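Working notes, beginning with the structure itself.
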Amino acid sequence: YNRKKTLNNKKYSKMSHIRDVNPNADIVSKVQARAVNVAAGVGLLNVLKSNLGPRGTLKLLVGGAGQLKLTKDGLVLLKEMQIQHPTAILIARTATAQDDITGDGTTSTVLLCGELLRQADRQISEGVHPRILVEGLEKAREAALEYLNEIKTTFDEGMIEDRDLLTSIALTSLATKLDYDSSLSLSKALVSSIQCIYGGPDMPIDLSRIEVMPMPRSTNESRFVNGIVLDHGARHPDMPDVLTNCKIMTLNTSLEYEKTETQSGFYYSSAEEREKLVESERKWLDERCKMIIDFKRSVCKDGESFVIINQKGVDPLSLDIFAKEGILCLRRAKRRNMERLTLACGGSPIHSLQDIEESQLGYAGKVSQVTLGEDKYTFVEDCEKAQSCTMLLQGPNEHSLNQAKDAIKDGMRALKNALEDNAVVSGAGAFEVATAYHLQKNILPNVPGKAKLGVQAFCDALLVIPKTLAENSGLDVIDTLLKLQDEHVASKMLVGLDVKTGEAILPSDEGIWDNVRVKRQSLYLSTVLASQLLLVDEVMRAGKNMGKQPNPMDDN
Numbered sequence: 002y003n004r005k006k007t008l009n010n011k012k013y014s015k016m017s018h019i020r021d022v023n024p025n026a027d028i029v030s031k032v033q034a035r036a037v038n039v040a041a042g043v044g045l046l047n048v049l050k051s052n053l054g055p056r057g058t059l060k061l062l063v064g065g066a067g068q069l070k071l072t073k074d075g076l077v078l079l080k081e082m083q084i085q086h087p088t089a090i091l092i093a094r095t096a097t098a099q100d101d102i103t104g105d106g107t108t109s110t111v112l113l114c115g116e117l118l119r120q121a122d123r124q125i126s127e128g129v130h131p132r133i134l135v136e137g138l139e140k141a142r143e144a145a146l147e148y149l150n151e152i153k154t155t156f157d158e159g160m161i162e163d164r165d166l167l168t169s170i171a172l173t174s175l176a177t178k179l180d181y182d183s184s185l186s187l188s189k190a191l192v193s194s195i196q197c198i199y200g201g202p203d204m205p206i207d208l209s210r211i212e213v214m215p216m217p218r219s220t221n222e223s224r225f226v227n228g229i230v231l232d233h234g235a236r237h238p239d240m241p242d243v244l245t246n247c248k249i250m251t252l253n254t255s256l257e258y259e260k261t262e263t264q265s266g267f268y269y270s271s272a273e274e275r276e277k278l279v280e281s282e283r284k285w286l287d288e289r290c291k292m293i294i295d296f297k298r299s300v301c302k303d304g305e306s307f308v309i310i311n312q313k314g315v316d317p318l319s320l321d322i323f324a325k326e327g328i329l330c331l332r333r334a335k336r337r338n339m340e341r342l343t344l345a346c347g348g349s350p351i352h353s354l355q356d357i358e359e360s361q362l363g364y365a366g367k368v369s370q371v372t373l374g375e376d377k378y379t380f381v382e383d384c385e386k387a388q389s390c391t392m393l394l395q396g397p398n399e400h401s402l403n404q405a406k407d408a409i410k411d412g413m414r415a416l417k418n419a420l421e422d423n424a425v426v427s428g429a430g431a432f433e434v435a436t437a438y439h440l441q442k443n444i445l446p447n448v449p450g451k452a453k454l455g456v457q458a459f460c461d462a463l464l465v466i467p468k469t470l471a472e473n474s475g476l477d478v479i480d481t482l483l484k485l486q487d488e489h490v491a492s493k494m495l496v497g498l499d500v501k502t503g504e505a506i507l508p509s510d511e512g513i514w515d516n517v518r519v520k521r522q523s524l525y526l527s528t529v530l531a532s533q534l535l536l537v538d539e540v541m542r543a544g545k546n547m548g549k550q551p552n553p554m555d556d557n
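Going by our numbering, the sequence shown wraps up at 557, each residue one higher than the last.
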């Protein structure tokens, strides 16, 4: 009894010291702290595991005002869900950082981190010290990252010309979030978009040059547009709806009455003076319109059209003048669209109507206006040597458009990662199965002492990916995993899971590819976070000053 009492006194001595300072302090210590962290990781794993892979299910998010969102994107779920557990919030932030860095792998990171915590907790419950276990996890992580570099499939700089390979990479990403038919059509359009903006192996791939334009429509015929789609049209009924062989003037000059930039005013004492003031303003605008029309007549030959896209305003009378000349004029275009227009059509923005040159004009093979209900869209397409383009997303409702838009962003990042790495790695769980076998056979025997248990925990945690793929496909998890492992050992090749049949396949033959940097980042982040959480021995509520920057004057 006395020995037990002494142990209890030691166990709670630190807690008692803190409570002497603050009687209301909230503290979770020792075993309870680890249990709290493991429960958070496993709980988040159980929430997201059903969304992994092409056979994963959807989740319906309901906002406070009744907003609805259907999604299986891990990033959207982690950002939109109201997570209150502090450890779960930490894991969610780490997973979203994974998406910010690589564009994908959010769900996989959460699953791997949660499974690492679960496997490690079993060993710690048997008396293994967390520090020794963490050493084993770190050795396994380093060995897994080295093995990733060994088994990745590397390509040369001509990878951008291989449409089949790029389509397979995009399809692997999109198929986990959309149905197969939609994923296939979007993948082909994505490849065309990436090839359009690709400037060479030494140039960075700027995904902002791809405009993703959602358009509500009764069909799902999303497509690639070799040009720009503007979400507004002309404001004059007599302007042409379709023009071909067009000269494009990207203008940044006001063609309407404007207020003075300083606090000044014009005063008149009679109606005649007011009329003269209006007449002088109108004359100034008419002269500017005449300069544009004269320039148009000098550069446009027979069969050529003229289009003005102005970032600033154009008044109705000026629009009428342009309409009589057969000019299509759009006003108040968005700044980002003006930048993309010059990249797509060529030319340069015109800020002054003095000394305009033909080299400042862009070119588009076709400019057309499409009206859908009350909305109007302008297509500037068939551009020569375009360096900017548009992904046109068409869907029957807002939910399908949002799903496609989220998937498109992941698909673009997948292609960007593959081109920058010039390498990919087999998907469908093949990497995880092969890495787990490699660690058990080649690394585990060379690890001394109890650190072996950390390596074994890492191997078991890696298999959560193929297990979850099998579970979400309605397959027997144990039988499927054993089948994959046996096939890998027998063939010495990277073997993945066919989620439709449950059979072992070669992902490289089926075109199922994952990004190397996504796998690398996921392995690193999940292991580092799990290791840090395992070393936490107390969880306590911090004061109001937590996170505040120290005041340099306090040292004086």
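Positions of the beta carbon are idealized from the N, C-alpha and C atoms, including for glycine. Note that the structure is predicted; figures quoted are calculated from it, not measured.
Residue i - DSSP class collapsed to helix/strand/coil
i, result
"A66", "coil"
"K80", "helix"
"R542", "coil"
"K291", "helix"
"G366", "strand"
"M250", "strand"
"R123", "helix"
"K384", "Looking at the sequence provided, one finds Cys at residue 384 rather than Lys. Three-state DSSP puts C384 in coil, outside helix and strand."
"G450", "coil"
"D105", "coil"
"V500", "coil"
"K493", "coil"
"L53", "coil"
"L61", "strand"
"V22", "Any reading at V22 must be qualified, since the residue scores a pLDDT of 42, below 50, and its modelled position is unreliable; no value is offered."
"T572", "The structure shown does not extend to residue 572, since the chain spans only 2 to 557, so no value can be given for it."
"I206", "coil"
"K11", "Any reading at K11 must be qualified, since the residue scores a pLDDT of 43, below 50, and its modelled position is unreliable; no value is offered."
"R521", "helix"
"I506", "strand"
"L286", "helix"
"L331", "strand"
"L482", "helix"
"L167", "helix"
"L536", "coil"
Strand pairing of residue i, partner residues [DSSP]
i, result
"M214", "L393"
"M339", "DSSP lists no partner for M339."
"A424", "T155"
"N516", "V425"
"A345", "None; A345 has no bridge partner."
"Y378", "V371"
"I351", "L252"
"T245", "K367"
"T72", "K60"
"F225", "M392"
Residue burial classification, residue i (beta-carbon count within 10 angstroms, cutoff 16)
i, result
"H352", "exposed"
"C384", "buried"
"H130", "exposed"
"I249", "buried"
"D303", "exposed"
"Q83", "exposed"
"N418", "buried"
"S306", "buried"
"K468", "buried"
"I479", "exposed"
"K1", "Since the first residue of the chain shown is 2 and the last is 557, residue 1 is not available in this structure."
"L231", "buried"
"K501", "exposed"
"W285", "exposed"
"E116", "buried"
CB contact below 9 Å: residue i versus chain D
i, result
"C301", "Protein chain content of the structure displayed is limited to a single chain, and chain D is not contained in it."
Quiz item: Are the stretch 499-513 and the stretch 480-489 touching, with three or more C-beta to C-beta distances below 8 Å?
Solution: Contact holds: three or more Cβ-Cβ distances are below 8 Å.
Practice problem: Pair every Cβ in the stretch 139-149 with every Cβ in the stretch 396-407, then say whether three or more of these pairs are closer than 8 Å. | Solution: No: fewer than three Cβ pairs fall under 8 Å.
Self-check item: Uninterrupted alpha helix (DSSP H) stretches inside the stretch 290-328 (no shorter than 4 residues)
Solution: Counting whole runs of 4 or more residues, the stretch 290-328 contains the alpha helix (DSSP H) stretches 317-325.
Quiz item: For the stretch 373-384 against the stretch 222-235, are there 3 or more C-beta pairs whose distance is under 8 Å?
Solution: Taking 8 Å as the limit for Cβ pairs, the verdict is that the stretch 222-235 does touch the stretch 373-384.
Quiz item: Counting Cβ pairs, one atom from each stretch, are 3 or more of them under 8 Å apart for the stretch 453-463 and the stretch 161-172?
Solution: Of all C-beta pairs linking the stretch 453-463 to the stretch 161-172, fewer than three are shorter than 8 Å, placing the two stretches out of contact.
Practice problem: Evaluate the contact criterion for the stretch 32-47 versus the stretch 73-93: three or more CB pairs, one atom per stretch, below 8 Å. | Solution: Judged by Cβ distances under 8 Å, the stretch 32-47 makes contact with the stretch 73-93, as three or more pairs qualify.
Quiz item: How do the stretch 408-426 and the stretch 145-161 stand: do at least 3 beta-carbon pairs fall below 8 Å, yes or no?
Solution: At 8 Å Cβ cutoff, the stretches touch.
Quiz item: Using 8 Å as the Cβ pair cut-off and three pairs as the minimum, do the stretch 312-332 and the stretch 196-210 touch?
Solution: Result no; under three Cβ-Cβ pairs closer than 8 Å.
Quiz item: Touching or not, the stretch 523-541 and the stretch 100-117, by the rule of three or more beta carbon pairs under 8 Å?
Solution: With the rule of 3 Cβ pairs closer than 8 Å, the stretch 523-541 counts as touching the stretch 100-117.
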